[in-house]
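S.K.: For reference, the structure I am asking about is given below.
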Amino acid sequence: MRVYTTLLDYFGAQGWWPGESREEIIIGAVLTQNTNWANVEKAIDNLRAHRLLSLKKIATIDEPTLARLIRPAGYFNIKARRLKATAEFFVRNKNLKNPPRNHRFMLNLRDELLQVYGIGKETADSILLYALMYPVFVVDAYTRRFCFRHRLIESTRVDYEDIRLLFEDNLPRDVELFNEFHALLVRLGKTFCRPKALCEECPLNRRVFFLSKPIA
DNA sequence: TGCCAGGCCGGGT
DNA sequence: ACCCGGCATGGC
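So the first sequence is residues -4 to 211, counted in my numbering.
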């Protein structure tokens, strides 16, 4: 919690997810896989310009057309397929417009999301937290590097679930907290993992605390 | 010019 | 259970 409050004081609230609608968040979660967010925004702008920023529409249009529109996001062929699979899942489960708030339902939904082609653990959890507002802590590359640099884990390839539980078991289970904390970790990484970043200015009291590449 | 960015899948060991 | 190659663009 001290890390969280320090980061919040330093950077301020990040207001994630950087998208407006619930559907836009889901679409962005798939498009941003291993890809710079700036490129994802270009792809989303294309979809919006063609009035296709909608799961129902994406589930309907043909894959090559979709691929052409999301080209800037990279891996456009495979992501077109993933996006359609994701859109079809949500169209198929219309009840997800206003899903039950209990923990049991969330765990079940998580398992179902993981069955969808193109949705892995991070994407599933991003959707659960940022689009559907369930208290799940999202683990990404920045989270891993943070944990490693702070010696919370032995290596950056510790199992996803172990890292997720590390946060979830040691923090109050709160959607706003998980939302902001993860966004702040990403902000921290983007700001201080750059080669020319000034580590002395890092709000956390470590000299070389965050490197762009993990030390093996 | 090459390296990197908010992963995931499928096949191999 | 891990490890690896493939997938692709735009920015610095």
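We put the beta carbon where it would ideally sit given N, CA and C, even for glycine.
State buried or exposed for Leu28, treating a residue as buried only when at least 16 other CB atoms are found within 10 Å of its CB.
M.R.: The amino acid occupying residue 28 in the given sequence is Gln; Leu does not appear at that position. Gln28 is buried by the Cβ-count criterion.
S.K.: What do you get for Asp164, buried or exposed, if any count of 16 or more other CB atoms within 10 angstroms of its CB means buried?
M.R.: Result: exposed.
S.K.: Taking the alpha-carbon positions, what's the Gly69 to Thr30 distance?
M.R.: 7 Å
S.K.: Can you name the start and end residues of the alpha helix (DSSP H) that His98 belongs to?
M.R.: 98 to 110
S.K.: With a 10 Å radius around its C-beta and 16 neighbouring C-beta atoms as the bar for buried, classify Thr118 as buried or exposed.
M.R.: buried
S.K.: Please report the residue range of the alpha helix (DSSP H) in which Lys92 lies.
M.R.: No alpha helix (DSSP H) holds Lys92; DSSP gives it neither H nor E.
S.K.: Put His45 into one of helix, strand or coil per three-state DSSP.
M.R.: In the structure shown, His45 sits in coil (DSSP, three-state: anything other than H, G, I, E or B).
S.K.: If we count the other Cβ atoms within 10 Å of its Cβ and call it buried at 16 or more, is His177 buried or exposed?
M.R.: It counts as buried.
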